[in-house]
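These notes concern the structure reproduced below.
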Amino acid sequence: MHLQLIMYSYTLYFVLLISFAQVFSYDIPDDAFDKITLECMEKVKIDKEFVKKIVDADFRMAKGNPKVNEHVECLAKSKKVVNEDGTLNRDVIYKEIVDVFLPLLNKTKDKEVIANKIMDECMDVQHDSLAEQMINMHNCLVDAAHKH
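Under mature numbering (1 follows the signal peptide of the UniProt record, and there is no 0), residues -25 to -1, 1 to 123 are what the sequence shown spells out, in order.
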């Protein structure tokens, strides 16, 4: 599995988004740490091992860790997942889902179709905090992707 990291975005970007409440870690290759991710890690003062332990074996993130929240927020802003007006940038999120998120989950067929379906399910996820919103959206995307 290779991750070409985004938000991780997804983060994972998407995205991404993150806490240590989970015991398991997800194997993220070193080449997945792009420039923006490394800059956010340096800003927040976390290392690759911290990031590798952010998600559980299902690639879900737990909530509540301030360092993770700070990192997720930095990624979301730096990767332009969020527009200046606070709305989500659907185009950026879509690209990250297709290019990074789905391949990380071993979803390599019909990525565009799956990306549209899971985005339709998860783009309306809300929270008062940007970091928590990103984490909630990430977990929604993970759950939705596992169904397809």
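C-beta atoms are modelled at their ideal positions from N, C-alpha and C, and glycine is treated no differently.
When you compare only the Cα positions, how much space is there between residue i and residue j?
i: C115; j: E96; result: 8 Å
i: H113; j: K20; result: 22 Å
i: D31; j: L13; result: 21 Å
i: M98; j: V26; result: 24 Å
i: M16; j: P41; result: 13 Å
i: K70; j: N111; result: 19 Å
Which of the three DSSP states, helix, strand or coil, is assigned to residue i?
i: M36; result: strand
i: S(-1); result: Residue placement at S(-1) is poorly supported in this model, since its pLDDT is 45, which falls under 50; the coordinates still yield a value, given next. Looking at S(-1) - three-state DSSP - the assignment turns out to be coil, as it is neither helix nor strand.
i: L63; result: strand
i: V73; result: helix
i: V43; result: helix
i: residue 146; result: A query on residue 146 cannot be resolved here, the shown segment of the chain reaching from -25 to 123 and no further.
Could you give the residue range of the alpha helix (DSSP H) that holds residue i?
i: H121; result: 105 to 122
i: M98; result: Element bounds for M98: n/a, residue is neither H nor E.
i: T12; result: 10 to 19
i: K54; result: K54 -> no alpha helix (DSSP H), and no H or E assigned at all.
When the distance is taken between beta carbons, is residue j closer than 8 Å to residue i?
i: I68; j: M94; result: yes
i: E87; j: V75; result: no
For residue i, which of the options has the nearest alpha-carbon?
i: E24; options: G61, V117, V43; result: V43
i: K122; options: R65, F8, C15, D33; result: D33
i: D66; options: K38, G39, N91, K28; result: N91
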